[in-house]
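To keep things clear, I will list the structure first and then write my remarks on it.
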Amino acid sequence: MPASAYTDIVHSDKDSGDSGIHSPDNLSASPRKSSPSNSSRITGSPRDLSPLLLQELACMNVREVAARPVTTFRDENRAIFWKVVADHPTIFANKFAVAFDGAHQLYTPYRLEFPEKRNSMRLEADVPLAKDSRERTPCAVSFQCVGPVLIEMRRTRTNNLDERVLTPIQILDIVCRQSLTCPFIEYVAWLRWQRIRARTVISSNAANFYSWKSSCYRIPINGALALDLEGGKEMWTGFFSSAHVASGWKPLLNIDVAHTAFYKAKISMVQFMCDVLNERAGAYRNQSSTTRSSYGNTSQPGRTFTATRGGTAASAGRGGYHTYPPRTTHSTPQRHEESSGLLSPSTLYKEFSLSNHEMKILAEAVKGIKIRISHRKGAVRVYRVNSLQMPADQLTFKGVTEDGRETIKSVAQYFAEKYAELKFPKLPCLHVGPPTRNIFFPLEVCEMDTPQKYNKKLSEKQTSSIIRAAAVDASQREERIAQLCQQAGFDRDPFLKEFGLSVSPRMFETMARVIQPPQIMFGDNSKMVDPIVHPKDGAWSMDNQTLYLPATCGSYSMIALVNPRDQNLLQGFCQALYAKATQMGMDFPKWPDLVKYGRGRDDVVMLFNEIANEYKQTSTSCDLVIVVLPGKNSDIYMTVKESSDMIHGIMSQCVLMKNVQRPSPATCSNIILKVNMKLGGINSRIVADNITHKYIIDQPTLVVGIDVTHPTQAEERMNIPSVAAIVANIDLLPQSYGANVKVQRKCRESVVYLLDAIRERLVSFYRNTNQKPTRIIVYRDGVSEGQFAEGIRSACMILSPDYRPPITYVVVQKRHHARMFCKYSTDMVGKARNIPPGTTVDTGIVSPEGFDFYLCSHYGVQGTSRPARYHVLWDDNNFSADEMQAITYGFVDLRNAVYCLFRVVFQHVSYVWTLCAISINSSSSLLRRFSSNKSSVSYQEETVAVYMSPTDCPKLAR
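Numbered by the numbering used here, the letters in the sequence shown go through residues 506 to 1463 in order.
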């Protein structure tokens, strides 16, 4: 294989094959050697930054920037700052030799000459601001010289996993994005600044991009396209960029494709209203059509079910299903929805109004967005919407006539007298500006401010649309990255040139190797089928295989949220499921004890109660409830889990109706695998190789997974707390897991009361195996924690004062932007042309010091594979790189090899989070405790009771 084609910028004086651990001083770091076997050349999305300017940037000055008046948005901060730069050419002689972060920091490659050789100065400029009604707003910027910053990559050592918290990397990030955020390079007009009426000189390249945090998105102008997401939203495509220090202390620029949702550019608020209502109407129609498509009357032989609903015979009709709620406004043949079902501004009429239901939908959609007013010529103002108010012809305010008399007039009357008569006076008004002031504008005089990122939660359909659009194969993604880099213009960037930087147009190349997958053992059977399976491309066949340790399902019931006329389809599904379970060695009933029919979310709780009462009357128990859903619906799913797992304590399995209609062997096999795990069985186990046998099987090992799930921004406003989950194995294989869940203060990454949770996991392991773990391996999702080893050590000493097992602590990063591509087509796998499963990279793009590696465990069927990054922070077991990588890869042993170890260790975490979210949302008292005791330490942690395994879960109506 040829050598890796990367440019050595800074030569390291330590052996590149010897990398120590990021660990406290009292831990000794052992060398980690990697085997060069099975290596292949791959290219990654990080790009070289060259050269490293130790001389030119040695005296870079930092200045604190404070803008007056105080501004909130970075766009306005930049407008003020760059207007000051343009108005003071004697101080800023080279306007490209400054880098401003949009907030409070300014960097220059030379010392600015302040008046009278002072260390501070105050510069003023008149800037047109969108939030001010004046033509130009007097602003001032204060500069304070802080001192020089030495750009030395070896000084960026930090215990943070990203190696990005120190100033040199921050400076590289700011400089690389400066040309896309600076409002002038050439003397041309920039459309984006027109909304604040800036008339300064600006960049034609920056006009095409909008910067948001670490990403720059292509504005849908000048030929750029956007994906319509419905509801007044669209998807923009851009690139993510982030500077890193890699192996050999080389500075690299990580670039990847980015996708996110924005509000549609420059649409009127009347059009936005139509889009929002059309989207909601479409959701109702899709739900209705999905339910209708689930109905059929295919005749299949089988047992005749007793179809009951609410204790009585269920109706075969659709009387309980609804479509889009009817409007409560005037009926007229002009209403557009009667003909096409869609609203548009061109088909609205003067008396058009919204129903109460539509007002509620629109109020939720407009709250918090920024709008521009367009009824006054020559004046552009931007406001943030507080709420939706009454129609313009009903919303009144007190005014004063020309002769000084007080009068009360409506908003519609005011606009008719001062501007022009409103086209739609019965449409609602927007309350904007300071909440304490009564500033109202009709919808038709407002338009969406652009660009404006959508920060609320997307619907399932919108999320699916973005995923489908972003899921391109590896070759296409590589081409997109190259195209976006070319559009960004790094090769002609004047800021990079002035700072002495250049970005290589070629992707960084490094060597990778492929770890051989572990063999999988299933149960022994009499069909002369080898129970040991050899995975290929991260997958293996379940044909004629039996479960390693099958569970027993003594009885089960079924809840079908479909039309009772589909009972023949349900019978065929039950027959196929029974046949597959029997073939896989599981004791499973041929028919359900009860079949209950319902029509939606409200029926789920009632039907679970009916099943519980009937089992209670017969003094029997139920092991499982299968719930047939007409389609994907998160609300119904949450209700099912609340009823089954939290109220009645029984395992449940949801199945989509489309899978019931076509119960293929593969579908039934996947369902049985899930049911077997839920009932306490073991699907398969890995065949231990030398490393796994030595470190996992021969000695009892506790594998712990720790994760903290945070609420979304919308949930934060509801005071929804964070959920910490600690998952660990309870057997020696390890194959079975138990969990502890804690509810704690929102957005807190550290786990409150980690000691108690670890102690409970140790006790559970001891109860099931009668052995204490001789070593502990901890995988933490996302971030590191201070004092983590001390907490685990203290939990061990609670069991015994002299119990001190060695601990290895690994942090897993899943949400990163490092993508890898095979250089040679012979190394690519699958239609998506991804890197093969087991690909491991521990050179080139890894940290210059420390024990970390990238591991791709799964077979990328769709889209570009994203490897997980593992960073070993603490290692008492002194694992080598080969051993740590083999152990980690060996844990990935589901039906198909999955994205990373956390999909195995944390297969319960999403399930637990669902239960906790249900508990939090359904318990108003818990919410009140969190909201009324925000500063109280005693309410940082609440315990949520969940059922995690059949041994801890009381069966239904036992």
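Just so it is clear, CB atoms sit at the ideal spot from N, CA and C, and this is done for glycine as well.
How many angstroms separate the CA atom of residue i from the CA atom of residue j?
i: Asn1383; j: Lys962; result: 44 Å
i: Ala635; j: Val1180; result: 59 Å
i: Ser539; j: Ile724; result: Annotation note: pLDDT 40 at Ser539 (below 50); position unreliable, no value reported.
i: Glu984; j: Leu1006; result: 24 Å
i: Leu677; j: Thr901; result: 54 Å
i: Asn943; j: Leu848; result: 30 Å
i: Ile1423; j: Asn1224; result: The predicted model places Ile1423 with a pLDDT of 49, which falls under 50 and marks its position as unreliable, so this point remains unresolved.
i: Glu657; j: Gly753; result: 13 Å
i: Ala729; j: Phe714; result: 10 Å
i: Ala1323; j: Tyr722; result: 18 Å
i: Glu952; j: Ser879; result: 7 Å
i: Phe995; j: Gln610; result: 22 Å
i: Arg1371; j: Lys622; result: 53 Å
i: Cys1159; j: Asp1150; result: 13 Å
Using CA coordinates, which residue listed in the options is at the minimum distance from residue i?
i: Asp592; options: Val1165, Arg639, Leu628; result: Leu628
i: Glu1354; options: Met1047, Val1377, Ser1362; result: Val1377
i: Leu1129; options: Lys1121, Tyr1102, Ile1064, Arg1106; result: Ile1064
i: Pro896; options: Ala868, Lys882, His1039, Leu932; result: Leu932
i: Glu1014; options: Val1208, Cys1327, Lys1183; result: Cys1327
i: Asn960; options: Ala1229, Lys738, Leu853; result: Lys738
i: Ala976; options: Glu1295, Pro1310, Ala1391, His764; result: His764
i: Tyr1308; options: Pro620, Lys1277, Trp754; result: Lys1277
i: Asp1098; options: Phe1078, Asp1107, Ser1060; result: Ser1060
i: Glu965; options: His1363, Glu784, Ser980; result: Glu784
i: Phe945; options: Phe745, Gln894, Pro956; result: Gln894
i: Gly873; options: Lys958, Ala1391, Leu757; result: Lys958
i: Ala1117; options: Lys769, Gly1154, Tyr1083, Ile1312; result: Gly1154
i: Gln683; options: Asp1203, Tyr612, Ser625; result: Tyr612
i: Leu1161; options: Ser1139, Ser1149, Met1151, Asp1150; result: Ser1139
i: Ser1169; options: Gly736, Arg1374, Gly938, Ala1084; result: Ala1084
Once DSSP output is grouped into helix, strand and coil, what is the label at residue i?
i: Asp1150; result: helix
i: Tyr615; result: coil
i: Leu557; result: Residue confidence is low: Leu557 scores 36 on pLDDT, short of 50, so the model does not pin down where it sits. Its coordinate-derived value is still stated next. Note: Leu557 maps to coil in three-state DSSP.
i: Met1389; result: helix
i: Glu657; result: coil
i: Thr1125; result: coil
i: Asn1175; result: helix
i: Leu1112; result: helix
i: Ser647; result: strand
i: Phe1078; result: helix
i: Val950; result: helix
i: Gln981; result: helix
i: Cys990; result: helix
i: Tyr1061; result: strand
i: His1198; result: helix
i: Val1034; result: coil
i: Thr852; result: helix
i: Cys1361; result: strand
Assuming contact is defined by CB atoms lying nearer than 7 Å, are residue i and residue j in contact in what I supplied?
i: Val1209; j: Val1283; result: yes
i: Ser747; j: Asn759; result: yes
i: Cys489; j: Ala1081; result: The question about residue 489 has no answer here: the residues shown for the chain are numbered 506 through 1463.
i: Leu1178; j: Asn1164; result: no
So is residue i buried or exposed if we call it buried at 16+ other beta carbons inside 10 Å?
i: Ala598; result: exposed
i: Lys1095; result: exposed
i: Leu734; result: buried
i: Glu907; result: exposed
i: Gln991; result: exposed
i: Pro1055; result: buried
i: His749; result: buried
i: Asn1049; result: exposed
i: Asp761; result: buried
i: Gln776; result: buried
i: Pro620; result: exposed
i: Ala974; result: exposed
i: His1039; result: exposed
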